[in-house]
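*Asks:* Quick one: this structure, given as structure tokens, is what I'll be asking you about.
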Amino acid sequence: MRVVRGIADWALRVSEVLATALLALTLLTVLYAILARYLPIGRAGWTGEVARYLMIWFVYFSVPIAYRRGQHVGLTAVRDRLPVTARNIVELVVHSGVLFAGVFLTWQGLIYLPKLMRQRSASLGIPMAYPYAAVLVGAILLVVQVVYLVFESVKRLKERR
Amino acid sequence: MTLLFLILCFICLIFLGFPFAFATLIPSTISFLAFEVAPPFVVFQRMFTSIDSFPILAVPMFILAGLLMNEIGITQRIVRLADALVGYIRGSLAHVNIVASMLFAGISGSAVADSAGLGAMLIPAMVKNGYDEDFSAAVTAASSVVGPIIPPSITVVIYCLVDPRVSVGALFMAGVIPGILICLGLMVVAYFIARRRGYERGRWKGFKNLVRSVRESFGALLMPLIILGGILSGLFTPTEASTIAVAYGILVGFLAYRTLTFKGLVRCIAKAAVTSCTILFIMATAKVFSWLLSVEGAARGLVNVIQSLNIANPYLFLVLLMLILLVFGCFIEGLAEIIILVPLFVPLFKVFGGAISPLHFAELVIMVINISLLTPPLGLCLYTVTNICEKTRLEGVIKATMPFFLYEALLLFVLCFTPSVVIFLPRLLRLIK
């Protein structure tokens, strides 16, 4: 249990740092693009693609963070009216469903990404697998957080007994 | 069969309390696996392509700009300005709250952020000055829904991605008059409640005070002008405008107000990343879901149903659609509603030829989505303000919000019949034909 928590906390810290850094880079890229249009500081043809890919990366680093903190919007009003044990069980069901989605995306990502190694992006010419890998990494990090939350839920259920 | 499964599974997952992103993702995944609609890697692929677009970048940027403005202390300055403008009317802090929401709407693009930022400051202040807590919370929630109606607005950016016939600039401007009408009406409602309950009446603090508050909050007031001016003049795209808004916020915070620290900036960026991911992730997953619905022929089915209803008047038809959206809005998050339902509704307009303007419909959708932030069980603004309250429970806030909500719903239905009010500004600025 302590190991699971340690891994999850460490993954959370890394995701937070990377998500913040990537959003800052996205901001700088778009700013550069605007400046480059009005000032002679170089070509800006690459910026659109780079900004988009940076955004997708920070989004998928943030998805597990938001899940761990319970920030993804959902209708919890019904669940909150249940008695404690029932609520804990429903919570466990939700975590398991999310775990299923995370595992599914990881599995499909591992199948699909190698196919994208030969496809190149329009402006930078990098393999499309690099930007797409954001979804895979996000899914893996999500699985890490959800596994921890499942452990927590099970522990809470046991304690109630 | 697949269609029925998708919809039923979605409803079940929502009531179990699944986050919306997963309530749309999981049924899609299962139908890919079980009904073999297409190879399952398509889900993975679409999670990427759905948000791989430059205009979407405006979402994190507008969120970051709003957070920055709050961080550098714009909220206090705006509240002082609102106080100088309307503080002398009976029920003064209620009017200050409403006008501050309206001014803040020009900076931030999200209602929940508005109700959190202004509520944290104004609800305790109102209680201290003798207002009932439920009323204070209700005014905050009801007025914060204008945040995304008055430009800039994240909802608008996303709507325009779903329905490309509408431009961001035109839809931004279409929201100005409805937004002001909402605020004026809310002030009237608040005035009557204040008179009945005998709330305080402030005094006019003089013209000098007004000038001083305008000067103090000038930095904030300039921001919507930069954003709108830049977009409308064609100088920059909405995404670039949102980025300039961020840069402007950072400059004002560091150089003019000197209230921004490097640590504060990093904190804002970190918060913006997570907040925008919750929106963009819903967008990615809801698009997979909406694609499946269209593949399975949901839109065709809906057209048949509407044709069999034989509604002759296009405006009555709009009222019907708004009622549907209002009911769905009680249970479904607004952006998911736009992504899933708008593509189903747009083909319906062919039934009426060109009688309904896409811009008119778009603005009505923006309004109904945000008014839905006040309808339980999923009324996000209600929860935000309830969390700030010390004594009042959710039920109390819901009850106190009722008169304000009824006014907003009434205005929505009136605007269904008066497209000229909505389209007036965009047409004046030649943003549409």
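Sequence order for the protein chains is A and B.
Its first residue numbered 9, the first sequence is counted upward by one per residue in this note's numbering.
Its first residue numbered 77, the second sequence is counted upward by one per residue in this note's numbering.
Just so it is clear, CB atoms sit at the ideal spot from N, CA and C, and this is done for glycine as well.
It should be emphasised that the depicted structure is a prediction, and the values quoted were computed from it without experimental measurement.
Taking contact to mean at least 3 C-beta pairs separated by less than 8 Å, is the region 253–260 of chain B in contact with the region 309–323 of chain B?
*Replies:* Judged by Cβ distances under 8 Å, the region 253–260 of chain B makes no contact with the region 309–323 of chain B, as fewer than three pairs qualify.
*Asks:* Measure the Cβ-Cβ separation of A/R13 and A/T93 and say whether it is below 8 Å.
*Replies:* Position 5 of the first sequence, counting from 1, holds the residue named residue 13 of chain A. Position 85 of the first sequence, counting from 1, holds the residue named residue 93 of chain A. Taking 8 Å as the Cβ cut-off, A/R13 and A/T93 do not qualify as a contacting pair.
*Asks:* Looking at chain B, which residues of the region 101–128 of chain A have a Cβ within less than 8 Å of any of its Cβ atoms?
*Replies:* Taking 8 Å as the Cβ-Cβ cut-off against chain B, the residues of the region 101–128 of chain A that qualify are V101, V102, G105, V106, F108, A109, F112, L113, Q116, G117, I119, Y120.
*Asks:* To the nearest angstrom, how far is it from the Cα of B/E484 to the Cα of B/C406?
*Replies:* Position 408 of the second sequence, counting from 1, holds the residue named residue 484 of chain B. Position 330 of the second sequence, counting from 1, holds the residue named residue 406 of chain B. Approximately 15 Å, taken between the alpha carbons.
*Asks:* Could you tell me whether any Cβ in chain A is nearer than 8 Å to the Cβ of B/F81?
*Replies:* In the second sequence, the residue the question calls residue 81 of chain B occupies position 5. No, no contact with chain A.
*Asks:* Nearest by alpha-carbon distance to B/L109: which of A/A19, A/G146, A/Q116 is it?
*Replies:* Residue 109 of chain B sits at position 33 when you count from the first residue of the second sequence. Closest option to B/L109, Cα to Cα, is A/Q116.
*Asks:* Using a C-beta cutoff of 8 Å, does A/R21 count as contacting chain B?
*Replies:* Numbered from 1 along the first sequence, position 13 holds the residue referred to as residue 21 of chain A. So, not an interface residue.
*Asks:* Given a limit of 9 Å on CB to CB distance, which residues of the region 140–166 of chain A reach chain B?
*Replies:* Residues passing the 9 Å Cβ filter: Y140, A142, V143, L144, G146, A147.
*Asks:* Using C-beta distances below 8 Å, list every residue in its chain close to B/A332, excluding the 5 sequence neighbours before and after it, in chain order.
*Replies:* Translated into positions along the second sequence, residue 332 of chain B becomes position 256. Closer than 8 Å at the Cβ level, and outside the excluded window around B/A332, lie G295.
*Asks:* On the three-pair Cβ rule with 8 Å, is the region 445–463 of chain B touching the region 176–184 of chain B?
*Replies:* No, the region 445–463 of chain B is not in contact with the region 176–184 of chain B.
*Asks:* What does a CB cutoff of less than 7 Å around B/N285 pick up in its chain, not counting 5 residues either side in sequence?
*Replies:* What you label residue 285 of chain B is simply residue 209 of the second sequence in a count that begins at 1. Here the set comprises A160.
*Asks:* Using a 10 Å radius around the Cβ and a threshold of 16 neighbouring Cβ atoms, would you call B/V403 buried or exposed?
*Replies:* Taking the first residue of the second sequence as 1, we reach residue 403 of chain B at position 327. Classification of B/V403: exposed, given that the 10 Å Cβ count is below 16.
*Asks:* Can you check which of these residues, B/F120, B/P95, B/T337, is closest to B/I511 by C-alpha distance?
*Replies:* Past the edges of chain B, shown from 77 to 509, lies residue 511 of chain B, and the structure says nothing about it.
*Asks:* Which one or two residues does DSSP pair with A/P135 in a beta bridge?
*Replies:* As a first step, residue 135 of chain A must be located in the first sequence, where it is residue number 127. Answer is A/R128.
*Asks:* Quick one: what's B/P116 bridged to in DSSP?
*Replies:* The count along the second sequence starts at 1 and reaches residue 116 of chain B at position 40. According to DSSP, which records beta bridges pairwise, B/P116 is partnered with nothing at all.
*Asks:* Would you list, in chain order, the members of the region 59–92 of chain A that have their beta-carbon closer than 7 Å to a beta-carbon of chain B?
*Replies:* The residues in question are A59, R60, M63, I64, F66, V67, S70, V71, I73, A74, Q79, H80, V81, G82, L83, T84, A85, V86, R87.
*Asks:* How do the region 118–132 of chain B and the region 105–116 of chain A stand: do at least 3 beta-carbon pairs fall below 8 Å, yes or no?
*Replies:* The answer is yes - the region 105–116 of chain A touches the region 118–132 of chain B, with three or more Cβ pairs under 8 Å.
*Asks:* Go ahead and label B/I382 buried or exposed: buried means 16 or more other beta carbons lie within 10 angstroms of its beta carbon, across all protein chains shown.
*Replies:* As a position in the second sequence, residue 382 of chain B is number 306, starting the count at 1. Label assigned to B/I382: buried.
*Asks:* Determine which residues of the region 89–100 of chain B have a Cβ less than 9 Å from any Cβ of chain A, and write them out in chain order.
*Replies:* Residues passing the 9 Å Cβ filter: L89, I90, F91, L92, G93, F94, P95, F96, A97, F98, A99.
*Asks:* Measure from the alpha carbon of B/M249 to the alpha carbon of each residue in B/V203, B/I307, B/L392, then state which is nearest.
*Replies:* In the second sequence, residue 249 of chain B corresponds to position 173, counting from 1. B/M249 has its Cα closest to that of B/I307, out of B/V203, B/I307, B/L392.
*Asks:* Taking the CB atoms as reference points, tell me whether B/G245 and B/S184 lie closer together than 8 Å.
*Replies:* As a position in the second sequence, residue 245 of chain B is number 169, starting the count at 1. As a position in the second sequence, residue 184 of chain B is number 108, starting the count at 1. Against a cut-off of 8 Å, the Cβ pair of B/S184 and B/G245 comes out as no contact.
*Asks:* Over what stretch of residues does the alpha helix (DSSP H) that includes B/Q383 continue unbroken?
*Replies:* For the purposes of this step, residue 383 of chain B is taken as residue 307 along the second sequence, with counting starting at 1. Run containing B/Q383: 374–385, per the alpha helix (DSSP H) assignment.
*Asks:* State the Cα-Cα distance for the pair B/L157 and B/Y267, rounded to the nearest angstrom.
*Replies:* Residue numbering aside, residue 157 of chain B sits at position 81 when the second sequence is read from its first letter. Residue numbering aside, residue 267 of chain B sits at position 191 when the second sequence is read from its first letter. B/L157 and B/Y267: Cα-Cα distance of roughly 19 Å.
*Asks:* Of all the CB atoms in chain A, is at least one closer than 8 Å to the CB of B/P224?
*Replies:* Taking the first residue of the second sequence as position 1, residue 224 of chain B is located at position 148. Answer no: the Cβ-Cβ gap between B/P224 and chain A never drops below 8 Å.
*Asks:* With 16 other CB atoms within 10 Å as the buried threshold, where does B/N173 fall?
*Replies:* For the purposes of this step, residue 173 of chain B is taken as residue 97 along the second sequence, with counting starting at 1. That one is buried.
*Asks:* Counting contacts by CB-CB distance shorter than 8 Å, is A/I42 in contact with chain B?
*Replies:* On the first sequence, position 34 is the one that residue 42 of chain A refers to. Output row for A/I42: interface = yes.
*Asks:* Closer than 8 Å, Cβ to any Cβ of chain A: which residues of the region 310–336 of chain B, in chain order?
*Replies:* Within the region 310–336 of chain B, the qualifying residues are F312, T315, E316, T319, I320, V322, A323.
*Asks:* Quick one: list the residues of chain B neighbouring A/A32, beta-carbon separation under 7 Å, in chain order.
*Replies:* The residue labelled residue 32 of chain A in the question sits at position 24 within the first sequence. Simply I345.
*Asks:* Could you check the C-alpha separation between B/K426 and B/F86 for me, to the nearest Å?
*Replies:* The residue labelled residue 426 of chain B in the question sits at position 350 within the second sequence. The residue labelled residue 86 of chain B in the question sits at position 10 within the second sequence. Roughly 28 Å separates the two Cα atoms.
*Asks:* Less than 6 Å between C-beta atoms, sequence neighbours within five positions excluded: which residues of the same chain meet that for A/V155?
*Replies:* Here residue 155 of chain A refers to the residue found at position 147 when the first sequence is read from its first residue. So no residue of the chain qualifies.
*Asks:* Taking 8 Å as the cut-off, decide whether the C-beta atoms of B/A374 and B/D210 are in contact.
*Replies:* Taking the first residue of the second sequence as 1, we reach residue 374 of chain B at position 298. Taking the first residue of the second sequence as 1, we reach residue 210 of chain B at position 134. No.
*Asks:* CA-CA distance, B/I106 and B/F81?
*Replies:* The residue you call residue 106 of chain B lines up with position 30 of the second sequence. The residue you call residue 81 of chain B lines up with position 5 of the second sequence. Their backbone Cα atoms lie some 9 Å apart in a straight line.
*Asks:* Pull up the CB-CB distance for B/L92 and A/R87, whole angstroms please, since I reckon it's below 8 Å.
*Replies:* Along the second sequence, read from residue 1 onward, the residue named residue 92 of chain B stands at position 16. Along the first sequence, read from residue 1 onward, the residue named residue 87 of chain A stands at position 79. Contact holds; Cβ gap of about 7 Å.
*Asks:* Contact criterion: CB-CB distance below 8 Å. Does A/G53 meet it with respect to chain B?
*Replies:* Start at 1 with the first residue of the first sequence, and residue 53 of chain A comes out as number 45. Chain B, which has no Cβ nearer than 8 Å to the Cβ of A/G53, makes this no.
*Asks:* Between B/M145 and chain C, is there a C-beta pair that is closer than 8 Å?
*Replies:* No chain C appears in this structure, whose protein chains are A and B.
*Asks:* Can you tell me whether DSSP reads B/P103 as helix, strand or coil?
*Replies:* On the second sequence, residue 103 of chain B is found 27 positions in, with the first residue counted as 1. B/P103 falls in the helix class under three-state DSSP.
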